[in-house]
Structure formats: structure tokens, C-alpha cells
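Just so you know, the sequences run in chain order A and B. Okay, so the first sequence: first residue is 182 according to this note's numbering, each after it adds one. Okay, so the second sequence: first residue is 1374 according to this note's numbering, each after it adds one. C-beta atoms are modelled at their ideal positions from N, C-alpha and C, and glycine is treated no differently. To start, the structure itself, in C-alpha cells.
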Amino acid sequence: MNFETPNIIPAIPEITLLSLACLILVVDLFVKQENRIITYLLSQASLLIVFLLTLFTFTTETQFTFSNTFVRDSMSDVLKLGVYISVFIVFLYAKDYLRQRDMFKGEFYVLGLFGVLGMMILISAHNLLTIYLGLELLSLSMYAMVAMQRNSKAGSEAAMKYFVLGAIASGMLLYGMSMIYGVTGSLDLAEISQKVAEVSDQKLTIFGMVFLIVGIAFKLGAVPFHMWVPDVYHGAPTSVTLYIASAPKIAAFAMLMRLLVDGLSSLQPHWQDILIILAIASMGIGNIVAIAQGNLKRMLAYSAISHVGFLLLGVLTGQQAGYAASMFYVLSYVLMSLGSFGMIVLLSRKGFEADNLADYKGLNERSPWAAFMMLIFMLSMAGVPPFLGFWAKFAVLKEVVAADSLLWLAVVAVIFSIIGAFYYLRMIKLMYFDKPEDTQAITADLDLKVALSTNSLMVLGLGLLPGGLMALCIAAIAH
Amino acid sequence: MPDNMQTIYIWIVLAPLIGSIIAGLFGKKVGRAGAHWVTIIGVGVSCVLSIIVFKHMVFDGADPFNGSVYTWLVSDGVKFEIGFLIDKLSAMMMVVVTFVSLMVHIYTIGYMHGDPGYQRFFSYISLFTFSMLMLVMSNNFMQLFFGWEAVGLISYLLIGFWFKKETAIYANMKAFLVNRVGDFGFLLGIAGVLMYFGTLDYATVFANTDSVVGKTIQIIPGSDWSVLTLICICLFIGAMGKSAQVPLHVWLPDSMEGPTPISALIHAATMVTAGIYMVARMSPLFELSETALSFVIVIGAITALFMGLLGLVQNDIKRVVAYSTLSQLGYMTVALGASAYAAGIFHLMTHAFFKALLFLAAGSVIIAMHHEQDMRKMGGLRKYMPITWITSLIGSLALIGAPGFAGFFSKDSIIEAVGLSTIPGSGFAYFAVLGGVFVTALYSFRMYFLVFHGKERMDEHTRSHLHEPSWVVTVPLILLAIPSVIIGFIFVSDMSFGNFFGDAIKVLPQHDVLGQLAENYHGPFGMILHSLVTWPFWLALAGVATAWFLYMKRPDIPGMIQDKLKFVHKVLDNKYYVDRFNEIVFAGGSRFLGKLLWQNGDVRVIDGVIINGSAKTVGWIAGIVRRLQTGYLYNYAFAMIFGLLFLLGVFVLA
């Protein structure tokens, strides 16, 4: 057996980020607390570097390396770019929040970067083991981040729950992988796909597939594997919630695509039915329970669950266009999610988390611009034109309608999104028609304000000109 | 330089929008001066660029521009897009809108001085300018409708600007509701266009009119209606709402509850003329339906004469001007009905200047009188406010059509065109517009004499403080007075009797009354000389003389007339009981019907069962399901296991 040097070129961004993250880990040890900003700047610089690396080596052809365990294609590049951007925004939004609460430590950034690395591996995985590797790297970073506020009971509790449930989900995923391996004798997604198509009795593959889907659904937060979502979103510091609620959704989408579309495409009719159940349950539970929440973070958690339901709709059509629509959906959702959690950060201050719905009463009187930005995010999430969220829903629904005999599903989705509109509109009512209870001035650093304004204007701007992002998603899926 | 021009078009609409956003959302930060500067600069840029476009179109003779700037959505072949159609018609409208708007912006600094809603006001009027520009520059029905609704919304917001004033809230609600009626018709008209033409693009619709001529539709089974007539009348109903034609005129006098600058900008010069503009723009459709034209001319004639009569009995200075606006809008509508679109638009333009002038002058008087609007408490203001006096006189002369002034050329064109028209109803219209001339002169100069001449009837305190307001008020007056004198003289040859608008306005040969008039037209001086031997001149003179006699020479006579003609006075004073009728029949009737449906339909069925029922169900489910979120880890794990087993059970075992 001769050892071949693997072609490391396609994995250059991953390798670079790994080196940089290790470097920051070491540098951070020697940085005094008052100079912690250095760690922050280095982390942002690392993200910028890998962003540029990925952008300038953007590929339109599929490249395999490391014995086909790692793949790089247009979809992975676009998703990775999305991950960098959203984590960059997370770090930026979180800076002041962390500072005010004595949490401005190197751990947040190093863990965050390792999480990004995990996401990148997950996105580029072409082997069951690579998927597991990426998933665990991401999850372990996130468990630790949730627990970062050590003396917060809610934070520790959330981290504990997340960890235990995550472990169960990982176990199930691994079990499913072993079943698939048992049937096909391979861990390589392409080979699996080929072999599964040849198997005559699919019982065992379906058995394994169900376990795989449980693992994915947990990561996405689809009902009934969603129980961790509200507790973790709520219990974690808002800076961490920002992180959890954004980029990992992109990675989870990639995981869904890799496992089901790349690996088990021949079982599409079967996983379609499972995803339909998950999607309806997620849209239903997410939208209905969100109404009963008085805490904005919890409300957004349930809203995230309902958005996952919508996201599944595109994938389950089993069509290229449907995948592209879902990809568009996940990217749009991340942008809106960042903005809404960013608003919580903007309004919070030391000793005040601004995460209750009542804290938003009369926001328009206190700051018309802040209220207007929140209005954009809420309307966009509700799917009101001309905002980005409208196009995301429109794209997905269009594909569902185009698919055979799924019209009823589109109708169900629309009904649930109408129910969902209630709690988004209630926010607007609170902001514009109620008297403010909190009268403190809203203070925030300029960079946060500028970034958040850009974020909201992008949600509006991309809603007015959705063509570019849409074309990008379609091209990324097609290659 | 087409690329260049397209950039200019975009900036014309964007500049006021940006100003409005800054003044509206960041009003506290930029402060009062910041708000007025940023909006004035925005509108100023827009005005200058509009003038450039006008020059480019009219003097350099550029071809009309028709192109879409941005397509938002294509659904089933129907495009939702923003596009511009820039020809001489829209170029002229753009100049009028931005110029008057600029004057009003400047004037507002003086008028709203000290008002707590200062920034909000500037934000609104800038936003109005943006919306109005979008409306006139549109090349499709979709954008037209959006602009139409946007100006309506801002009109609503501005009438109720002083939202703590009971009457203002009543007035804006009324304006909103009445406009709903008009807009409903308008929307039906647009829907008709979409249904029969399959597109919302002007150019495509106008090019395909032949395919729809002769088509009929059965709305009530058994009666065939011409599709074109139906579409035109529906569209015109929209115009009746926006341009305040009888019987949808009732909101306009009440809209005077808003601050005076917006009365000038929105409720005299620009927004209310949107209906006129729209009909002129749709001339290729209206020309094909004689029935619709006949409908238009009769409605216009009624408005022109009867609304003018109401001006005679008003004592509130702004209301007199408001009724005069109604009557003048009637004149424009009559012109449209007589297929003299060009004359109607010409009158629209001259009217925008002199009516904005009259309103702003009235506002100037109101400032000086410490927000007293009753003319019975004025008098003799001439010596205290010379600039306001002379500009008001110019405005009034232009309004009554004194030979040489702007209004003379446009109004005489209309009257003569109506005289030649053969559309059914034109005989009545001719009588109405002639009678209107006398009435116009009478109420205008009644107001003029009551305010600026005669005994000083105000109290001592007010008199001692009377003076001309600051330059921000007087400069716009002067700048508006100039076009009120000369603009008619300059443009009459082209607009009324030349082919100024080119292809923008289409007139069938058998309707071309202006073309017939043009054969006997010998320049503006000829027109002035000729007018001395025609009815309008002598009627106007008689009106002025009557006003002078009644209000200067023998002020006791009006009271006597009032006593003798109690019945007539009462009818006029109650505005023909239209408001009362609306209140009892429409408002009361719909309240009754609403109550009936509300209690039986809504409360019991819809609210009780469907809405509250479903809301309760949703709330109930939410209450139950949220309890599943117990917070206990083992419950969560159980849910996952349960989910897994369920999926296995369904998909593997089954």
C-alpha cells in the first residue's frame, strides 16, 4: 500500500482557519483583559481571510480530495461564504453585549471559530464519518458556548439539556450510519447512493435512514426533535443565541442535502413522506406555540422551528429547483434571524436583557429608526412583500405547487404562516401603538448601529431585488 | 444621452424620498432646521432636474421615453414593475408638481413655525412629492395605482395633521372614506383593463384598443354593456373621488381642516388634479366611448356651476378658495368631456399656480390674523399687508379669467371648446361654464373686497399686531404670482391650439374641437381682443361689479337678499344637503347595515365561531402544547424517542 499525498488545495480554507484558530488560542493567552479587543480583531480578520480565500478560489466544478471524504462544489462554497458572513456579523453584534457582562473573553471567539470550522467540514463532507466529524466539532463548540456564563443558572441548565439531548441525537445518527454501512458496505456518499439503488429490499436502508433523519432533524430543530430549541435560545446569553440561531442552520441544511440528496437520492419517495410529516409538525407547533410566548427569545425560537418546517418543504420536492429554493430560504432566514436577535442586543444593556415582549412597547416613540428596523424584520419573517422573507416563502411554495400532488401541502403551509403572522404583527402593534414602559435612552456603539441598519436594509433591498441571490442559489445547486 | 436622462428621472423621484426619510425617521437628530433643509434640498434638486427634463422634452424636442426601470415580479405574464413614461405631458406635470411643492416647502417654514410636528410635516410633504411624481411619471397602471393610493394616504395624514383637533379627525376620515368609493371604481377599471388587455402597460393597452372596441359584457344578465365604456366610467369614478367631482366632492371642503400649505399643495394644485391628469393620459380609451365622455362632461358641468354657487355663501376664507377649487376642477373635467384634453391640462397648469397662490395668500392672511379664518372679522388689510394684497389681487384676476392673465387663456379655451362640442350634454355644459364665469368673479371678488378693503372689522388687539409675515412666506407668493400672470400668454398657442402634447393625447378627428378653434386663432393678442366681444368677459366684469356693489357700495343689500331668498340661502348654506344626505343615508345606512351584519353575522358567526373560535382553538392548543415544554430533560428525551418510534412505526413496519 503506497501513501499518496492528498490534494490539499480544495481544503485550503479549512486548513487556514484551523491554523488561525490555534494561533488565536495561543495569542489570547498572552493578551491582557483590557486588550481583549485584539482577540476580537484577530478573529474577525481570520473570517475575512477565509472569506477572501474561498471567494477567490470559488469553484464551479466538483472537486474531491482526502480519498473522496471531502468535497468542494459551488453549493459548499456559497454556503461557506454565508457562514463566514453570518458569524462575522454575530461577532460584531456580540461585542458590546459581551463587554457589558464581563464575558468578553477569548473563549467565545475561539469556540466560535472552531464551530465555523465544524460547519465548513459538515458542508464539505462526502463521507459519513466526515459528516459526523464536522457535526461533533460544531456541537461541542456550541455546548461550551451556551455554558459560557458559568454563574448563570439558566445558561448552565440550557447547556446541560442541549448536551444530553445532543448526545442522544448523535447516538441515533451514528446508529443510522452503521445501518447504512451494514447495507452498502461503504461510508462514501456516492457509493452509498449507487449501492442503495441496487438493493432490492429497502426495509433495512429505510430503517437506517429514519435514524439519520432524526439526527438531521435534531440539528435543524424540527418537531418533534425541537425540544432543546426554546430552552437553549432562551437560556443562552443573547450573544450565543445569535450564533446558534444563524450559521448552524446553514450547516444543517448542508447536512440534509449531503445525506439525503447526495447519499440517499434513490429513497426520495420515502424520505419525502418523512419530511412532510416533520415539516407540517414544525410549521404547526412552531407557529402556534410562538403565540403563547411572552419572551422574545423564546418566541423567535418557535419561529425558527416554523421556518425550519418551511425550509424542509423545498427539499422534500426532490427537485433541483426545490433545493435551490430551500437554499435561498435558509440564507434569507439567517439574515432575518441575525437582525432580530441583533435588535435584542441593541436594546439590551447591563442588567437589562430586553428579551420580553413588553420591553418593546412604544419603541417607536423612543427610537423611530430602531422600531422601523424591527418592523422590517418582523414583516419579513411573516412573509410580507416586498421584504426578503416574502420571496423565501414564495420560492419554496412555488416549488411545492409545481410538484405533483403536493398542492394541499402548500395550502397547509400558507394557513400556518397566516397563523404565524399574528405574533409578528403583535410585535409591531406593541412597538407602534403602546406606551413605552422603559424610558432609558438606547445607547449602542456606532459599528453595531451601522451593521444593524445595513442588515435591515439588506432585508429590504434583497426583497426589492431578489434576482441575484436567487440566481446564485440556482447556479450553486445546478453545478 | 438616454442613459444620462434615465439617471435624472430616477433622481427626480428619489431626492424627495430621501429627504422625507431623513426628516421622518431621523427628525429628532437633524432637528427642525435640518428637517426643512434636507427636504427643501431634496425637492429643489427634483425641481431643477424636472426643469431640465422639461427643456429636454419641449425645447430640444427629444423623443418620449418609455421604459421600465425595475421589474419586481412577473406573475403569469403580468409584470409588476416600476417604469417611467416621460413625454411632454408628464414633463409638464413634473415641473408643476415640483415647483409648487418647492414653494410650499419654503412657505411652510413660516407657516408651521413653532408647531411641535414640524419635522413630521416636512417628511409628509416630501413623501407626497415623491408619490405624486411616481404617479405622473408612471408608464403602467400598477404604479399609477400605487402612486394614487400613496397620495391619498398622505392627504389623509395631512388633513388630520393636527390629530388632537376633533374636526380634523372627522375631516380626514371623511376624505378617506369618500376616496375609498372612488378608488373602488378605479380599481375595478384597472381590473377591467387587465382582464381585456392582459397587460397593465400603457403603451401596450393603447396600441391594442382596436381589439376591444365593440366587445360587450353582461353585468346584469340581459343587458349588454360596452367594455370600453365600462372601463372608462370605472376609471373616471376614481377620478371623481380624487378630483372631487359631484357627488364625491364632499371631502374637499372639509379637508381645509389641515394646515394651509397642504391645502395649497395637495388640495388645490397637485393631488386633486391627478384625476384630470389620469383621464387625459387615458385619452386613447376615453375617445372611443362617447357615452363615457358624455358622462364626464355632465359631471364636470354640474361641479363647475353648483360648487361655485356654494362659494358665495361661505365666510371662512379657506372654504371660499376650496369651493372655487371644486368649481375649477369642474371646468377641467368639462374640458376632458369635450375632448379638449389639452385645454383641460392647460387649465390644470395655470390653476396650479394661481390657486396655490390664492391659498398661500389666504394662509398669509391667516397668520397675520392669528389663525382667524372668518372673513367677517377682516377687512381693510390692504394697507397692512401690501405684498399679500397685490399677489391676492393677481391670483383673483387670474382665477376669474381677466384678459391677459393666466386663467383667461385656459378658461376661454375650455369655454369655446365646449361651445363647439357635439357630445350629448355639451349644451348644458356650455350654459354651466358660462354661468360659472359670473359666479367665479362674484365670489372671488366678494372675498377680495371683504378681506382687503372696506371697514376694518377685527378687534383692536389683532389690528395692532397686523403685519406682513416674514420673507419665507412672501417670496413664494411673489414667485407664484409671476407664472399666474404670464404662463398663459406663453403657452396658450402651443398647449391649447398647437400640438404641444403630441402623441401623449389622442383625439379622434370628429371630436377635435380644439383643432377647429385653432383655425380661427391668431395668437394670444388676437385672443384677448376677441374676448372683449364675447360673453365670458362681460360676465366676469359683471361679477366683479356686482361684488363691488354688494360688498363695498351697499353692504346692507346682501343681508336683505338673504332675508328675501331664505330658501335659496338655506339650501346653499347646507351645501344642497349632500352632506346631510350622506350622513343619513350612506353613513347612517351603512352603520345600520353594519350593525345588523355585525351583530348577526360578525359577532355570532364570524367572530364567535370562525375568528374567535379559531383564535381560541389556536390559543387553547398553544396553551396545551406549551405545557409539553415542561423544562424536564427526561420529557424532552422522551419526545425524541417517541418521534423516532413513530417514524419507524409508520415507515418501516407499515
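- Within the region 1551–1612 of chain B, complete alpha helix (DSSP H) segments of at least 4 residues are found at 1575–1580, 1582–1585, given in chain order.
- Between the region 1796–1805 of chain B and the region 1903–1920 of chain B there are fewer than three inter-stretch CB-CB distances shorter than 8 Å, so the stretches are not counted as touching.
- Ranked by how close their Cα comes to the Cα of residue 1809(B), the residues 1682(B), 1884(B), 1544(B), 1833(B) have 1682(B) in first place.
- For residue 1459(B), the enclosing beta strand (DSSP E) starts and ends at 1451–1459.
- In this structure, residue 657(A) lies away from residue 301(A), with their beta-carbon atoms at least 8 Å apart.
- Unbroken alpha helix (DSSP H) runs of no fewer than 4 residues, entirely contained in the region 207–293 of chain A, are found at 218–237, 255–281, following chain order.
- The alpha-carbon of residue 1839(B) is positioned some 11 Å away from that of residue 1755(B).
- Boundaries of the alpha helix (DSSP H) around residue 1835(B): 1833–1837.
- Assignment of residue 1911(B) by DSSP, reduced to helix, strand and coil, places it in the helix class.
- Note that the C-beta distance between residue 1799(B) and residue 1670(B) is below 8 Å.
- Restricting attention to 1690(B), 1792(B), 1595(B), the CA atom closest to the CA of residue 1742(B) is found in 1690(B).
- Residue 1446(B) carries a strand assignment under DSSP once its states are collapsed to helix, strand and coil.
- Here residue 1811(B) carries a helix assignment [DSSP, helix/strand/coil].
- Close to chain A, meaning a Cβ-Cβ distance shorter than 7 Å, is no residue of the region 1781–1814 of chain B at all.
- Of the residues assessed, residue 258(A) falls on the buried side of the cut-off, its CB having 16 or more other CB atoms within 10 angstroms.
- Looking at the DSSP output, residue 533(A) shares a beta bridge with 530(A).
- When the five nearest sequence neighbours on each side are left out, the beta carbons in the same chain lying within less than 7 Å of the beta carbon of residue 567(A) are those of 644, 645, in order along the chain.
- In chain order, 2024 make up the part of chain B whose C-beta sits under 9 Å from the C-beta of residue 451(A).
- Judged by DSSP secondary structure, residue 384(A) falls within the alpha helix (DSSP H) whose first and last residues are 384–401.
- Taking a C-beta cut-off of 8 Å against chain B, the contacting residues of the region 374–394 of chain A are 384, 387, 388, 391, 392, 394, listed in chain order.
- Annotation: residue 527(A) to residue 1665(B) spans about 58 Å, alpha carbon to alpha carbon.
- Straight across, the Cα-Cα distance linking residue 651(A) with residue 194(A) is about 25 Å.
- In this structure, 370(A) is the residue among 384(A), 458(A), 497(A), 370(A) with its C-alpha nearest to the C-alpha of residue 440(A).
- Comparing alpha-carbon positions, the option among 1414(B), 1499(B), 1386(B) lying closest to residue 1455(B) turns out to be 1386(B).
- Contact holds between the region 1596–1604 of chain B and the region 1563–1578 of chain B, because three or more Cβ pairs, one in each stretch, are under 8 Å apart.
- In the three-state DSSP reduction, residue 1688(B) falls in the coil class, being neither helix nor strand.
- Judged by DSSP secondary structure, residue 1952(B) falls within the alpha helix (DSSP H) whose first and last residues are 1951–1954.
- Residue environment analysis places residue 1457(B) among the buried positions, since at least 16 neighbouring C-beta atoms fall within 10 angstroms of its C-beta.
- In this structure, 1448(B) is the residue among 1448(B), 1529(B), 1779(B), 1433(B) with its C-alpha nearest to the C-alpha of residue 579(A).
- Within 10 angstroms of the beta-carbon of residue 1993(B) lie fewer than 16 other beta-carbons, which makes it exposed.
- Chain-ordered, the chain A residues with CB closer than 8 Å to the CB of residue 1398(B) read 549, 550, 553.
- Taken residue by residue, none of the region 1510–1542 of chain B has a beta-carbon sitting less than 8 Å from a beta-carbon on chain A.
- Leaving aside the five residues that flank residue 1546(B) on each side, none in its chain has a CB nearer than 7 Å to its CB.
- Counting only Cβ-Cβ distances below 9 Å, residue 2010(B) has contacts in chain A at 345, 346, 349, 408, in chain order.
- Distance check between residue 1661(B) and each of 1608(B), 1834(B), 1880(B), 1874(B) places 1880(B) closest, using alpha-carbon atoms only.
- With contact defined as three or more Cβ pairs closer than 8 Å, the region 488–503 of chain A and the region 585–595 of chain A are in contact.
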